[in-house]
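In our numbering, the protein residues as written are 740 to 901.
Glycine included, each C-beta is placed from N, C-alpha and C at the ideal position.
In what follows, a structure is listed as C-alpha cells, so that the remarks can point back to it.
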Amino acid sequence: MTGLEKAPLQLYSCTVRPDWIDYLGHMNEGYYVVAFSRATDALLDEVGLGKAYREKKNCGMYTVESHVAYLREAHEAAEINFSTVLLGVDAKRIHIFHHMYAGGNESPAATLECVLLHVDQTEQRVTQMPREALMQLERIRAAHAALSIPSQLNRIKAKRQS
C-alpha cells in the first residue's frame with residue numbers, strides 16, 4: 740500500500756491569508772472554495788493529473804458540480820488542513836469529499852463534495868483519463884470504501900461507488 744492509499748488522504752494545508760478575510764473578520768466564503776480547489780489540485784498532482792499533465796496533454800479535470808457546507812469560522816493566520824476521501828471514480832470522472840480543519844480544531848470548519856470530469860481541452864469534450872491515473876485512483880477509492888459516509892454527502896447527483 741502506498742501513502743496515497745491511506746484513508747483519508749492528507750495532501751494539502753495552508754494558512755488563511757489576510758486578503759481572504761472579509762468585513763466580518765473571518766475567512767470569506769469564496770476563499771473556502773479557493774482553498775478546497777487547491778486541496779483538489781494536490782490530489783490531481785499526486786495521481787499524475789496535475790500541471791505537467793495538463794500542459795503536455797492539453798487535458799484536465801473540470802469541476803462540474805460541488806456543494807460546500809460552512810460549519811465554523813476560520814480566521815486570519817489560522818492553519819487550515821484538509822482531508823480528502825475519494826468516493827468514486829470511473830474512466831471519465833472523479834467524485835471527492837474534502838474536510839477542512841482550521842486552527843487546530845478537531846471539528847471541520849467546512850466540507851466540500853465535488854465531481855470532476857476529464858476534459859480534452861482541444862476538443863472541448865469529456866474523454867477518458869489515462870489508464871495509469873485511473874488505476875491509481877481506483878486503488879485509492881478501494882482503500883477509502885470502508886470509511887464512514889460523511890453526513891453532508893449526496894448533496895450532488897453523483898453516487899458513491901461501493
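- When DSSP reads this structure, residue 748 sits in a beta bridge with 823.
- Distance from the CA of residue 864 to the CA of residue 845, rounded to the nearest whole angstrom, comes to 41 angstroms.
- Collapsing the DSSP output to three states places residue 772 in a helix.
- Boundaries for residue 817: no beta strand (DSSP E) harbours it, and the DSSP string shows neither H nor E there.
- With fewer than 16 other Cβ atoms from the protein chains shown falling within 10 Å of its own Cβ, residue 867 counts as exposed.
- If you look at residue 876, you'll find it in the alpha helix (DSSP H) that goes 870-883.
- A Cβ-Cβ contact shorter than 8 angstroms links residue 827 with residue 880.
- When C-alpha distances from residue 838 are compared across 779, 759 and 764, the shortest belongs to 779.
- Contact between the region 745-763 and the region 813-830 is present, with at least three C-beta pairs closer than 8 angstroms.
- Of the other Cβ atoms in all chains shown, 16 or more fall within 10 Å of the Cβ of residue 819; this residue is therefore buried.
- Here residue 761 carries a coil assignment [DSSP, helix/strand/coil].
- Counting only the Cα atoms, residue 840 lies some 26 angstroms from residue 877.
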